[in-house]
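Remarks on the structure that follows.
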Amino acid sequence: MIKVSEIAKNKVVELMTDDGYNPTNDFVRVGVKSGGCSGLSYDLKFDKTQVEGDKVFEDNGIKIIVDKKSFLYLIGTTLEYSGGLNGTGFVFNNPNANRTCGCGESFSL
Numbered sequence: 001m002i003k004v005s006e007i008a009k010n011k012v013v014e015l016m017t018d019d020g021y022n023p024t025n026d027f028v029r030v031g032v033k034s035g036g037c038s039g040l041s042y043d044l045k046f047d048k049t050q051v052e053g054d055k056v057f058e059d060n061g062i063k064i065i066v067d068k069k070s071f072l073y074l075i076g077t078t079l080e081y082s083g084g085l086n087g088t089g090f091v092f093n094n095p096n097a098n099r100t101c102g103c104g105e106s107f108s109l
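Read in full-length UniProt numbering, the sequence shown has 36 at position 36, and its numbers run on one by one without any break.
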């Protein structure tokens with residue numbers, strides 16, 4: 001399961017609405033792809049459709065879709081949002097990551 005912090009929830013709702021998505025019906029698609037300075041990087045986008053093999057979760061009122069391959073890397077992850085001096089954006093608090101890069105956008109297991 002993937003969790004969503006309260007601050008991340010508020011930002012997701014704001015951004016989805018701004019981009020023409022309905023936070024009640026549409027999804028946040030979270031995934032992992034090859035790349036980044038640590039080997040794997042996170043991918044986050046909004047989506048209106050679910051495809052076969054997707055895992056669907058709902059936490060804190062946000063519907064999340066994860067493809068089957070990415071799910072193994074993201075089990076137990078919490079999606080957070082940081083607006084501090086060190087950068088603004090979504091942050092993945094992933095207990096499975098052994099190493100992360102300085103930007104927090106890539107990791108390795």
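Ideal Cβ positions, reconstructed from N, Cα and C, are used throughout, including at glycine.
Separation of residue j from residue i, as counted between CA atoms
i: residue 95; j: residue 77; result: 6 Å
i: residue 60; j: residue 16; result: 15 Å
i: residue 83; j: residue 51; result: 32 Å
i: residue 92; j: residue 5; result: 10 Å
Contacting residues, own chain, Cβ-Cβ under 8 Å from residue i (five flanking each side not counted)
i: residue 32; result: 40, 41, 42, 43, 69, 70, 73, 74
Cβ neighbours of residue i in the same chain (closer than 6 Å, five flanking residues each side left out)
i: residue 63; result: 27
i: residue 48; result: 26
i: residue 7; result: 81
Proximity below 8 Å, CB of residue i to CB of residue j
i: residue 46; j: residue 21; result: yes
Residue i versus the options, residue with shortest Cα-Cα distance
i: residue 65; options: 29, 97, 89; result: 29
i: residue 1; options: 14, 90, 54; result: 54
Residues that DSSP places opposite residue i in a beta bridge
i: residue 111; result: Examination of residue 111 is not possible in this model, given that the chain is present from 1 through 109 alone.
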